[in-house]
Amino acid sequence: MTHYQTFQHQHFHQGDYIFREGDVGNFAYIIEQGTVEIVTLFEHQKTVLNTLQEGNIFGELALIDGRPRSASAIAATDVVLCVIRQDQLEERIQSADPILQMLLLMITRYFRTETQHFRPGQTTNINLKPITMAEDRLQEAINIIRLESDLQNALNEQQFRVVFQPIVSLSTQELMGFEALLRWNSPKHGLVSPLVFIPIIESTSLIIPLGEWVIKESITALAVLQREINRELFMSINITSRQTQDPNLLTFLMDCLSREGLKNHQVKLEIIERCLFDDQLVGNWVQQCHHLGFTLSLDDFGTGYSSLSYIHQYRPKTLKIDKSLIDNIAFMRDSYQICRAIIEMSQALEMTTVAEGIEYQEQADLLQSMGCTFGQGYFFAHPLLLEEALNYCTRQNQRR
Ligand code: C2E
Ligand code: CA
Ligand code: CA
Numbered sequence: 012m013t014h015y016q017t018f019q020h021q022h023f024h025q026g027d028y029i030f031r032e033g034d035v036g037n038f039a040y041i042i043e044q045g046t047v048e049i050v051t052l053f054e055h056q057k058t059v060l061n062t063l064q065e066g067n068i069f070g071e072l073a074l075i076d077g078r079p080r081s082a083s084a085i086a087a088t089d090v091v092l093c094v095i096r097q098d099q100l101e102e103r104i105q106s107a108d109p110i111l112q113m114l115l116l117m118i119t120r121y122f123r124t125e126t127q128h129f130r131p132g133q134t135t136n137i138n139l140k141p142i143t144m145a146e147d148r149l150q151e152a153i154n155i156i157r158l159e160s161d162l163q164n165a166l167n168e169q170q171f172r173v174v175f176q177p178i179v180s181l182s183t184q185e186l187m188g189f190e191a192l193l194r195w196n197s198p199k200h201g202l203v204s205p206l207v208f209i210p211i212i213e214s215t216s217l218i219i220p221l222g223e224w225v226i227k228e229s230i231t232a233l234a235v236l237q238r239e240i241n242r243e244l245f246m247s248i249n250i251t252s253r254q255t256q257d258p259n260l261l262t263f264l265m266d267c268l269s270r271e272g273l274k275n276h277q278v279k280l281e282i283i284e285r286c287l288f289d290d291q292l293v294g295n296w297v298q299q300c301h302h303l304g305f306t307l308s309l310d311d312f313g314t315g316y317s318s319l320s321y322i323h324q325y326r327p328k329t330l331k332i333d334k335s336l337i338d339n340i341a342f343m344r345d346s347y348q349i350c351r352a353i354i355e356m357s358q359a360l361e362m363t364t365v366a367e368g369i370e371y372q373e374q375a376d377l378l379q380s381m382g383c384t385f386g387q388g389y390f391f392a393h394p395l396l397l398e399e400a401l402n403y404c405t406r407q408n409q410r411r
């Protein structure tokens with residue numbers, strides 16, 4: 012067979028077998044270019060069950076039920092395929108609702124028997140499309156799998172960057188610390204928002220090495236920035252729910268800190284409230300963070316449930332007031348009053364507040380008058396590459 016392989020893509024020439032009936036199936040495929048025929052052979056007679064084009068998926072049955080291929084796939088033209096590995100699906104299937112798992116298996120079994128019972132001479136009108144899904148949902152799922160394939164390589168190929176957004180004291184305008192924010196510059200998709208790729212990564216185990224990489228980059232940067240400004244700064248790092256279940260995360264973080272001679276209290280771990288739902292497990296993690304002296308920051312506060320019981324139970328040191336509230340603070344009475352109430356409550360409980368997404372002077376002034384501790388937003392600075400953040404520190408020094 013004359014096929015060659017790049018990282019996540021395979022190329023086949025016209026007439027090549029992509030897989031044969033009876034093969035063990037470790038991969039499914041998305042057709043990027045060309046046409047593929049799904050065929051069965053019965054007494055040397057070839058019958059085409061389906062002709063698939065660009066954007067179609069095939070070979071997925073074997074990935075779901077782990078049984079040998081029940082039909083062969085042949086390249087009808089030269090084709091380029093995006094490869095979906097077994098482990099990419101397996102993690103999701105394993106973590107899916109058991110009833111969904113059962114349905115998936117029932118459906119695959121059904122299609123298996125359909126292809127087995129097929130014999131030449133019968134009508135060839137078998138629809139192999141596995142599950143009826145609305146076309147846009149199907150496209151969305153295909154896009155996610157494509158992004159995920161590319162994300163698997165992105166860490167090794169150094170396509171990620173961490174940028175640092177200054178967080179300032181609202182009363183003195185002085186720089187107090189930074190928030191580390193991840194960027195993915197994909198050669199294929201361009202700059203992809205973390206709002207798109209973090210949820211994909213979070214659904215795979217890739218979040219663990221990537222999260223560690225962010226921690227390493229951020230702590231190294233903190234040391235460099237602090238040396239420049241010549242006083243203590245903090246670094247806020249976003250942590251997803253899956254990372255809180257990683258027993259090595261905090262040890263890794265402490266190793267990075269001690270290597271740079273930095274203290275645990277200089278790191279703020281930002282988690283969103285949704286992350287706290289799973290009380291027992293996260294509860295232990297939060298206890299451990301308190302015990303080790305890491306500061307916990309409740310992110311996106313004011314959206315979702317903003318449950319007071321979580322504040323009581325977990326005692327975060329900082330609340331980050333969500334941008335959606337800050338956006339309207341100057342012209343919506345409700346937003347103004349909610350911000351004020353959050354800030355007053357925080358003061359009474361000896362917590363600090365960070366207002367995020369400040370874009371105008373007026374917002375900064377209002378928040379300062381309410382007693383909000385810190386501000387973050389384009390009004391002060393955009394997220395900066397390390398060199399730019401260093402320049403920002405230099406300018407802060409000159410101001411003093
Ligand atoms: P977030 O934690 O709420 O981060 C704040 C977001 O607001 C950032 O978006 C930041 O660039 C943006 N922002 C800051 N100031 C302004 C402003 O004045 N105006 C506007 N319009 N936006 C502002 P970004 O960097 O796109 O990140 C989006 C989200 O992705 C983050 O929301 C966070 O939840 C997640 N994220 C980013 N980096 C990481 C990471 O390293 N790990 C994890 N787990 N999540 C991350
Ligand atoms: Ca955050
Ligand atoms: Ca936030």
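Okay, so the sequence shown: first residue is 12 according to this note's numbering, each after it adds one.
Glycine is no exception: its CB is placed at the ideal position from the N, C-alpha and C atoms.
Q: Would you kindly work out how many angstroms separate the C-alpha atoms of residue 306 and residue 268, rounded to a whole number?
A: The residue labelled residue 306 in the question sits at position 295 within the sequence shown. The residue labelled residue 268 in the question sits at position 257 within the sequence shown. Spanning the two alpha carbons is a distance of roughly 14 Å.
Q | Limits of the alpha helix (DSSP H) - the one that residue 311 falls within | A | Walking along the sequence shown from the start, residue 311 turns up at place 300. Where residue 311 is concerned, there is no enclosing alpha helix (DSSP H), although the beta strand (DSSP E) it sits in stretches over 306-312.
Q: In angstroms with no decimal places, state the Cα-to-Cα distance between residue 394 and residue 187.
A: Taking the sequence shown and counting its residues from 1, one reaches residue 394 at position 383. Taking the sequence shown and counting its residues from 1, one reaches residue 187 at position 176. Going from the Cα of residue 394 to the Cα of residue 187 covers about 15 Å.
Q. What whole-angstrom Cβ distance do residue 24 and residue 84 have, given they're in contact under 8 Å?
A. Along the sequence shown, read from residue 1 onward, the residue named residue 24 stands at position 13. Along the sequence shown, read from residue 1 onward, the residue named residue 84 stands at position 73. 14 Å between Cβ atoms; not a contact.
Q.
Please state the DSSP three-state secondary structure of residue 285.
A. Reading the sequence shown from its first residue, position 274 is the one you call residue 285. When secondary structure is reduced to three states using DSSP, residue 285 falls in the helix class.
Q.
Does the distance between the C-beta of residue 329 and the nearest non-hydrogen atom of ligand 1 fall short of 7 Å?
A. Along the sequence shown, read from residue 1 onward, the residue named residue 329 stands at position 318. Residue 329 Cβ: outside cutoff for every heavy atom of ligand 1.
Q: Would you identify the three-state DSSP class for residue 249, choosing helix, strand or coil?
A: Numbered from 1 along the sequence shown, position 238 holds the residue referred to as residue 249. Three-state result, residue 249: strand.
Q: With a threshold of 7 Å, establish whether the CB of residue 387 neighbours any heavy atom of ligand 1.
A: In the sequence shown, counting from the first residue as 1, residue 387 sits at position 376. Because some heavy atom of ligand 1 lies under 7 Å away, the Cβ of residue 387 counts as near it: yes.
Q.
Rounded to whole angstroms, what is the Cα-Cα separation between residue 337 and residue 81?
A. As a working note, residue 337 is residue 326 in the sequence shown. As a working note, residue 81 is residue 70 in the sequence shown. Going by the C-alpha atoms only, they are around 57 Å apart.
Q) Are the Cβ atoms of residue 389 and residue 367 separated by less than 8 Å? A) For the purposes of this step, residue 389 is taken as the residue at position 378 of the sequence shown. For the purposes of this step, residue 367 is taken as the residue at position 356 of the sequence shown. Going by C-beta atoms, residue 389 is not nearer than 8 Å to residue 367.
**Q.** 8 Å Cβ cutoff met for residue 47 and residue 30
**A.** Taking the first residue of the sequence shown as position 1, residue 47 is located at position 36. Taking the first residue of the sequence shown as position 1, residue 30 is located at position 19. No, Cβ-Cβ distance for residue 47 and residue 30 is not below 8 Å.
**Q.** Complete alpha helix (DSSP H) runs within the region 43-108 (minimum length 4 residues, chain order)
**A.** 71-76 and 97-106
Q) Given residue 254, which residues of its chain have a CB within under 8 Å of its CB, disregarding the five upstream and five downstream residues? A) Within the sequence shown, numbered from 1, the residue matching residue 254 stands at position 243. Hits under 8 Å: 218, 219, 222 and 260.
Q | Helix, strand or coil at residue 271 [DSSP, three-state] | A | As a working mapping, residue 271 is identified with position 260 in the sequence shown. Three-state result, residue 271: helix.
Q) Hey, is the region 396-404 in contact with the region 379-388, meaning 3+ C-beta pairs nearer than 8 Å? A) No contact exists between the region 396-404 and the region 379-388.
Q. Just curious, the beta strand (DSSP E) that residue 20 is in, first and last residue?
A. Residue mapping note: residue 20 aligns to position 9 of the sequence shown, counting from 1. It spans 20-23 - the beta strand (DSSP E) in which residue 20 sits, taken as one unbroken run.
Q: Just confirm the distance between the C-beta atoms of residue 256 and residue 292, as a whole number of angstroms; I'd bet it's less than 8 Å.
A: On the sequence shown, position 245 is the one that residue 256 refers to. On the sequence shown, position 281 is the one that residue 292 refers to. Rounded, the Cβ-Cβ distance is 6 Å, consistent with contact.
Q | For residue 195, the residue or residues it bridges with in DSSP | A | Against the sequence shown, residue 195 aligns to sequence position 184. DSSP output for residue 195 lists 171 and 203 as bridge partner(s).
(Q) Would you say the beta carbon of residue 333 is closer than 7 Å to some non-hydrogen atom of ligand 2? (A) Start at 1 with the first residue of the sequence shown, and residue 333 comes out as number 322. The answer is no for residue 333.
Q) Would DSSP call residue 118 helix, strand or coil? A) By 1-based counting over the sequence shown, the position of residue 118 is 107. DSSP places residue 118 in helix when its eight states are reduced to three.
Q: Could you check which residue in 354, 278 and 52 has the C-alpha nearest to that of residue 330?
A: Taking the sequence shown and counting its residues from 1, one reaches residue 330 at position 319. Selected option, being the one with the closest Cα: 354.
Q. Is any heavy atom of ligand 2 found at a distance shorter than 7 Å from the C-beta of residue 290?
A. Position 279 of the sequence shown, counted from the first residue, corresponds to residue 290. No, the Cβ of residue 290 stays beyond 7 Å of every heavy atom of ligand 2.
Q: Flag this pair as yes or no: are the beta carbons of residue 32 and residue 52 separated by less than 8 Å?
A: Here residue 32 corresponds to residue number 21 of the sequence shown, with the count starting at 1. Here residue 52 corresponds to residue number 41 of the sequence shown, with the count starting at 1. Yes, the pair counts as a contact, with Cβ atoms nearer than the cut-off.
**Q.** Closer than 7 Å: residue 281 CB and nearest ligand 2 heavy atom
**A.** Position 270 of the sequence shown, counted from the first residue, corresponds to residue 281. Yes; taking the cut-off as 7 Å, the Cβ of residue 281 has a heavy atom of ligand 2 nearer than that.
Q. Under the rule that 16 or more other beta-carbon atoms within 10 Å means buried, what is residue 59, buried or exposed?
A. In the sequence shown, counting from the first residue as 1, residue 59 sits at position 48. Exposed.
Q.
Can you give me the C-alpha to C-alpha distance between residue 26 and residue 251, rounded to a whole angstrom?
A. Within the sequence shown, residue 26 is the residue found at index 15, counting from 1. Within the sequence shown, residue 251 is the residue found at index 240, counting from 1. Answer to the nearest angstrom: the Cα atoms are 46 Å apart.
(Q) My output table needs one value for residue 317: the three-state DSSP class, helix, strand or coil. (A) Translated into positions along the sequence shown, residue 317 becomes position 306. Coil.
Q. In chain order, what residues of the same chain lie with their CB nearer than 6 Å to the CB of residue 227, ignoring the 5 residues before and after it?
A. For the purposes of this step, residue 227 is identified with residue 216 of the sequence shown, where counting begins at 1. Sequence-distant Cβ neighbours of residue 227 in its own chain, meaning closer than 6 Å and more than five residues away, are 267.
Q) Counting Cβ pairs closer than 8 Å, one from the region 207-217 and one from the region 231-240, do we hit at least three? A) no
Q) Within 10 angstroms of its Cβ, does residue 74 collect 16 or more other Cβ (buried), or is it exposed? A) In the sequence shown, residue 74 corresponds to position 63, counting from 1. So residue 74 ends up on the buried side.
Q. From what residue to what residue does the beta strand (DSSP E) around residue 392 run?
A. If you number the sequence shown from 1, residue 392 lands on position 381. Element bounds for residue 392: n/a, residue is neither H nor E.
**Q.** residue 211 vs residue 225 beta-carbon contact at 8 Å
**A.** Position 200 of the sequence shown, counted from the first residue, corresponds to residue 211. Position 214 of the sequence shown, counted from the first residue, corresponds to residue 225. In this structure, residue 225 does not lie closer than 8 Å to residue 211 by Cβ.
Q) So does the region 115-123 actually touch the region 170-179, counting three or more Cβ pairs closer than 8 Å? A) no
Q) Does any heavy atom of ligand 3 sit closer than 7 Å to the C-beta of residue 284? A) Taking the sequence shown and counting its residues from 1, the one referred to as residue 284 is at position 273. The answer is no for residue 284.
**Q.** Identified DSSP bridge partners for residue 280
**A.** For the purposes of this step, residue 280 is taken as residue 269 along the sequence shown, with counting starting at 1. The partner list for residue 280 (beta bridge, DSSP) reads 248 and 307.
Q.
Which of the three DSSP states is assigned to residue 403 in this structure?
A. Taking the sequence shown and counting its residues from 1, the one referred to as residue 403 is at position 392. Here residue 403 sits in helix by DSSP.
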